[in-house]
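Student:
Residue numbers (our numbering): 1 to 803.
(1) Assuming contact is defined by CB atoms lying nearer than 8 Å, are residue 279 and residue 318 in contact in what I supplied?
(2) Considering only residues of the same chain and omitting the five flanking positions on each side of residue 698, which have a CB-CB separation below 6 Å?
(3) What residues in its chain sit with their C-beta under 8 Å from that of residue 265, if we drop five residues either side in the sequence?
(4) What is the rounded straight-line gap between the Cα of residue 432 and the Cα of residue 622?
(5) Helix, strand or coil: how does DSSP classify residue 2 here?
(6) Quick one: residues in its chain with C-beta nearer than 8 Å to the C-beta of residue 282, no 5 flanking neighbours on either side, listed in chain order?
(7) Whose CA, out of 547, 633, 561, lies closest to the CA of residue 684?
(8) Among the candidates 459, 207, 325, 216, whose CA atom is the shortest distance from the CA of residue 718?
(9) Do you know offhand how far residue 662's Cα is from residue 538's?
(10) Check whether the Cβ atoms of residue 413 and residue 563 sit closer than 8 Å, and answer yes or no.
(11) Excluding the 5 residues flanking residue 284 on each side, which residues of the same chain have their C-beta closer than 7 Å to its C-beta?
(12) Below 8 Å, can you find three or more Cβ-Cβ pairs linking the segment 757-775 to the segment 786-796?
(13) For residue 595 and residue 372, which I take to be in contact (beta-carbon distance under 8 Å), what is that distance rounded to the nearest angstrom?
(14) Counting pairs of Cβ atoms below 8 Å between the segment 640-655 and the segment 688-707, do you hit three or more?
(15) Please list, in chain order, all residues of the same chain as residue 577 whose beta carbon is under 6 Å from its beta carbon, the five residues on each side excluded.
(16) Output needed for residue 96: all residues of its chain with C-beta closer than 6 Å, excluding positions within five of it in sequence on either side, in chain order.
(17) If we call anything under 8 Å between Cβ atoms a contact, is residue 370 one with residue 535?
(18) Round the Cβ separation of residue 511 and residue 481 to the nearest angstrom and send it over; I've been treating them as touching at under 8 Å.
(19) Is any heavy atom in the ligand ZN found nearer than 7 Å to the beta carbon of residue 657?
(20) Find the nearest neighbour of residue 691 within the set 725, 624, 255, 753, judged by alpha-carbon distance.
(21) Figure out for me which residue from 666, 186, 788, 568 has the closest Cα to the Cα of residue 421.
(22) Taking C-beta to C-beta, are residue 316 and residue 163 nearer than 8 Å?
(23) Does the count of Cβ pairs from the segment 143-152 and the segment 124-133 closer than 8 Å reach three?
(24) Sort 187, 142, 648, 196 by Cα distance to residue 128 and report the nearest one.
(25) Counting beta carbon pairs with one atom in the segment 59-71 and one in the segment 7-23, are three or more of them shorter than 8 Å?
(26) In angstroms, rounded to a whole number, what distance separates the CA positions of residue 552 and residue 494?
(27) Helix, strand or coil: which one does DSSP assign to residue 644?
(28) Express the C-alpha separation of residue 409 and residue 561 in angstroms, rounding to a whole number.
(29) Hey, residue 710 and residue 645: beta-carbon distance below 8 Å or not?
(30) Between 514, 276, 286, 453, which has its C-alpha nearest residue 256's C-alpha?
(31) Measuring CB to CB, does residue 161 end up less than 8 Å from residue 105?
(32) So, at 6 Å on beta carbons, what are the nonlocal neighbours of residue 92 in its own chain, with the 5 sequence-adjacent residues on each side left out?
(33) Going by C-alpha distance, which of 786, 773, 313 is nearest residue 286?
(34) Going by C-alpha distance, which of 52, 366, 654 is nearest residue 616?
(35) Tell me whether residue 262 is buried or exposed, calling it buried when 16 or more other Cβ atoms sit within 10 Å of its Cβ.
(36) Helix, strand or coil for residue 708 per DSSP?
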């Protein structure tokens, strides 16, 4: 329980105030109200000494100390009219015996403006954010005091007062440096209590603050460290030594500040903003940040003028919440400074170790064997995402009821991005074993296609073969499509990958492509734009079709069911998704994983053959998934959990105006479910029971898995595309601004005097004809812009300022 102390008069020892009711009694003391009114009246009359005498009779509150050690003090008293000295033991208001309670006081006095008017600029929300528990007008009616929760990182009492003053745009009174400093009681009846949070004041406790700073005060050291003193290690650097991606940081700062240096009154705020955004390019290194700040001439000015605490500015900036993306102002400065190949990502490394730790605690079912070949724990979650694209494709005969109450198929585009030889080759092994069942099913169709092509070639070279009946093009199902598949063949395979249901409807199966190198998709034969269109349409199974005139083309309409698993480098990704084409939304359809950097480990050498246990397990699960058919029931709890997890984040992004985050969240529900369903199926207690009922039971581990996969995919997608989306929307907003027009008529109308004549119109417009000017005036009269002045022929008055 927090405590403050009070001195009833200057001759008395201190007492404790332990609750809000006791302090409220001080505020509502009628004697205090009478004295405050008297002080202000005396000051108006210029009776400053008399006003000071009355002020010294007010009760004094010591907000920063919760107790004082008992000591002896010689007190002068009057006995029978004679002054006598008497030694009294008590808890006297002395700094050497004060115990700090963790509160601090900012005293702002001698204000030139009305303190009540000044106080209106700070909302209650802002005061609470800064830890203020009490704000009141001083008895002089010329000052404001703030009682607030001291921050250990800000320093001692005076340093806290200075920091709060900077936050509020005020200048601190040095009186806040004393641990025994008293504040004369304010009066609620006089309207002096501007803000008061009694619950926070008396529930707050911070014994660590006294443990850190109390002894120094009791030893008589109440001064803060010199604000201008350079931090340890800063002397070792020069601004010219500090670069970002080969560009001098000073050049970046110049672009950040712009041609005009901050004006007096805005220099501290600008220095704090600069420090905040420097951490994104200086790896939050406080020493380098301070070096850069101290090198700026306008910061050197405020160091000289008022001992600006640059070290504390850096500390304050580092305490701010760090965003995922580079702030807009710094991002633009980096581009203006010529930083090449800048992707706008925060320096913050993705939390791979945390993801790996959480993944280990979950029973993974079919994904367990899929990541069995991966040695590095930190990239195993990436193996889950790629294998999900494969298992989801094999579940093509299944569907579930989504959050909108619609039947939904498992549409997945898995994407893993990493440097060369970063370990993303695990996807090749997964494709080899998991998709074996699809390649086996395609074998008969591929053989028919081979025989058909051979037959066509024989017809061209043999007259005997030409006399035979025409060859019929095979229409067997082939679903595994290599990267180098022509568009015509792709459309034909879409048409063939169908079956007719018992109800007579056409049911489409998913096609599948695995690309171990993303760049190969762009370089593949056929128009890549058509392949990109198929990717866009496949996520929602939109309708596609072709009606070409040549005899070999495929004609018809069909929905697109096509899943992709891709790995590649960031260089390839920039050709695939960039600022020019990101607006089509392809990136929001990817289930992404970013490979960690700097994690190279030589694989252990082994003389024994690699165990096939994981491979055989993958094959087993792939055949199980391929055998399933029908609606997967029992997913309602999981669908709701995923919805409830994403919806608040979307609402928060919308409220914050973060269009980039909102865009990346919109398709996350479907992507999370597509990865979760193979996990749910493969972790049921009885596979045989599930196979018969197609009904699952959701457990806590399924929620944990869904939460983890959402965080991984969103963080990685934001890492890859967040900054590009942000810039896209900024450009879009700029491009949709209405065009500024230059209206000569409006300009001339504004030049006319309020009362004008026909001659004024002729002169302003440059007319030579009186009738032309009269026609112009007639138009203005009819549209209500002017009206004739009664009794004055040819005189008019303007009713509008513009037309």
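Positions of the beta carbon are idealized from the N, C-alpha and C atoms, including for glycine.
Tutor: Straight from the coordinates:
(1) Translated into the one-based positions of the chain shown, residue 279 becomes position 279. Translated into the one-based positions of the chain shown, residue 318 becomes position 318. Cβ distance < 8 Å, so residue 279 and residue 318 count as in contact.
(2) On the chain shown, residue 698 is found 698 positions in, with the first residue counted as 1. Counting only Cβ-Cβ distances below 6 Å, and skipping sequence neighbours, we find 637, 638.
(3) For the purposes of this step, residue 265 is taken as the residue at position 265 of the chain shown. Answer for residue 265: 169, listed in chain order.
(4) The sequence position of residue 432 within the chain shown is 432, counting from 1. The sequence position of residue 622 within the chain shown is 622, counting from 1. So the two alpha carbons sit approximately 11 Å from each other.
(5) Mapped onto the chain shown, residue 2 falls at position 2. Of the three classes helix, strand and coil, the one that applies to residue 2 here is coil, per DSSP.
(6) In the chain shown, the residue the question calls residue 282 occupies position 282. So the list reads 242, 244, 249, 288, 289, 292, once near-sequence residues are dropped.
(7) Reading the chain shown from its first residue, position 684 is the one you call residue 684. For the residues 547, 633, 561, the minimum Cα distance to residue 684 belongs to 633.
(8) Counted from its first residue, the chain shown places residue 718 at position 718. Of 459, 207, 325, 216, the residue nearest in Cα terms is 325.
(9) The count along the chain shown starts at 1 and reaches residue 662 at position 662. The count along the chain shown starts at 1 and reaches residue 538 at position 538. Computed Cα separation, rounded: 22 Å.
(10) Position 413 of the chain shown holds residue 413. Position 563 of the chain shown holds residue 563. Going by beta carbons, residue 413 and residue 563 fall inside the 8 Å limit.
(11) The count along the chain shown starts at 1 and reaches residue 284 at position 284. Exclusion of the five residues before and after residue 284 leaves 318 as the residues of its chain whose Cβ lies within less than 7 Å of its Cβ.
(12) Look at the beta carbons and you see the segment 757-775 touching the segment 786-796: at least three pairs across the two are nearer than 8 Å.
(13) To locate residue 595, count along the chain shown from 1; it is residue 595. To locate residue 372, count along the chain shown from 1; it is residue 372. Not confirmed; about 18 Å, so no contact.
(14) By the Cβ rule, the segment 640-655 counts as touching the segment 688-707, because three or more pairs are nearer than 8 Å.
(15) On the chain shown, position 577 is the one that residue 577 refers to. Counting only Cβ-Cβ distances below 6 Å, and skipping sequence neighbours, we find 587.
(16) Along the chain shown, read from residue 1 onward, the residue named residue 96 stands at position 96. Result list for residue 96: 218, in chain order.
(17) Position 370 of the chain shown, counted from the first residue, corresponds to residue 370. Position 535 of the chain shown, counted from the first residue, corresponds to residue 535. Not a contact, by the Cβ cut-off of 8 Å.
(18) On the chain shown, residue 511 is found 511 positions in, with the first residue counted as 1. On the chain shown, residue 481 is found 481 positions in, with the first residue counted as 1. So it is a contact: roughly 5 Å between Cβ atoms.
(19) This structure lacks the ligand ZN, and indeed carries no ligand of any kind.
(20) Working through the chain shown from its first residue, we reach residue 691 at position 691. Just measuring C-alpha positions, the residue of 725, 624, 255, 753 sitting nearest residue 691 is 624.
(21) What you label residue 421 is simply residue 421 of the chain shown in a count that begins at 1. Ranking 666, 186, 788, 568 by Cα distance to residue 421 puts 568 first.
(22) Reading the chain shown from its first residue, position 316 is the one you call residue 316. Reading the chain shown from its first residue, position 163 is the one you call residue 163. Using a Cβ distance threshold of 8 Å, residue 316 and residue 163 count as a contacting pair.
(23) In short, these stretches touch, since the Cβ pair count reaches three.
(24) As a working mapping, residue 128 is identified with position 128 in the chain shown. With distances taken between Cα atoms, residue 128 lies closest to 196.
(25) Touching, per the Cβ criterion.
(26) In the chain shown, counting from the first residue as 1, residue 552 sits at position 552. In the chain shown, counting from the first residue as 1, residue 494 sits at position 494. Rounded to the nearest whole angstrom, the C-alpha separation of residue 552 and residue 494 is 15 Å.
(27) The residue labelled residue 644 in the question sits at position 644 within the chain shown. Three-state result, residue 644: helix.
(28) To locate residue 561, count along the chain shown from 1; it is residue 561. To locate residue 409, count along the chain shown from 1; it is residue 409. C-alpha separation (whole angstroms): 9 Å.
(29) Residue numbering aside, residue 710 sits at position 710 when the chain shown is read from its first letter. Residue numbering aside, residue 645 sits at position 645 when the chain shown is read from its first letter. Their beta carbons are under 8 Å apart, which means residue 710 touches residue 645 by this criterion.
(30) Locating residue 256 in the chain shown gives position 256, where the first residue counts as 1. Of the residues 514, 276, 286, 453, the one whose Cα lies closest to the Cα of residue 256 is 276.
(31) The residue given as residue 161 occupies position 161 in the chain shown. The residue given as residue 105 occupies position 105 in the chain shown. The criterion of a C-beta distance shorter than 8 Å is satisfied by residue 161 and residue 105.
(32) As a position in the chain shown, residue 92 is number 92, starting the count at 1. Excluding positions up to five away in sequence, the list reads 13, 71, 73.
(33) The residue labelled residue 286 in the question sits at position 286 within the chain shown. The shortest Cα separation from residue 286 among 786, 773, 313 belongs to 313.
(34) In the chain shown, residue 616 corresponds to position 616, counting from 1. The shortest Cα separation from residue 616 among 52, 366, 654 belongs to 366.
(35) As a working mapping, residue 262 is identified with position 262 in the chain shown. Residue burial is scored here from C-beta neighbours: residue 262 has at least 16 other C-beta atoms within 10 angstroms and is therefore classed as buried.
(36) Reading the chain shown from its first residue, position 708 is the one you call residue 708. Helix at residue 708.
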